[in-house]
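Q:
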Amino acid sequence: MGRLATIARTHARKDSVRAKLRVIVKRILRQFGYPPDMQLLATETVLKQAEMIANELVG
Numbered sequence: 012m013g014r015l016a017t018i019a020r021t022h023a024r025k026d027s028v029r030a031k032l033r034v035i036v037k038r039i040l041r042q043f044g045y046p047p048d049m050q051l052l053a054t055e056t057v058l059k060q061a062e063m064i065a066n067e068l069v070g
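Counted from 1, the sequence shown has number 45 at position 34 by this note's numbering; the numbering is strictly sequential.
1. Report yes if the C-beta of Ser27 is less than 7 Å from at least one heavy atom of the ligand MN; otherwise report no.
2. Compute the beta-carbon to beta-carbon distance between Gln50 and Lys59, rounded to the nearest angstrom, for a pair I have assumed lies under 8 Å.
3. Let me know the secondary structure DSSP gives Pro47 once reduced to three states.
4. For a quick check, are the C-beta atoms of Leu32 and Ala53 less than 8 Å apart?
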């Protein structure tokens, strides 16, 4: 399999994981009564933090 195909699969997998994490984070925020108007910012912050931690573990 070519390099481009491998890269495409990797990005698709990352997008899938991001989507699942986004759903989990939103569910937890709602469960604990986080204000709806702040959920988007909080979700993005958590996803950025998770990505930074993952990069530290891999790199």
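C-beta atoms are modelled at their ideal positions from N, C-alpha and C, and glycine is treated no differently.
All values reported here derive from a predicted model rather than from experimental measurement.
A: Put simply:
1. With respect to small molecules bound, the structure shown includes none, and the ligand MN cannot be examined in it.
2. Within the sequence shown, the letter at position 39 stands for residue 50. Within the sequence shown, the letter at position 48 stands for residue 59. Going by Cβ atoms, the distance from Gln50 to Lys59 rounds to 15 Å, so no, they are not a contact pair.
3. On the sequence shown, residue 47 is found 36 positions in, with the first residue counted as 1. Pro47: helix per DSSP, three-state reduction.
4. For the purposes of this step, residue 32 is taken as the residue at position 21 of the sequence shown. For the purposes of this step, residue 53 is taken as the residue at position 42 of the sequence shown. Not closer than 8 Å, so no.
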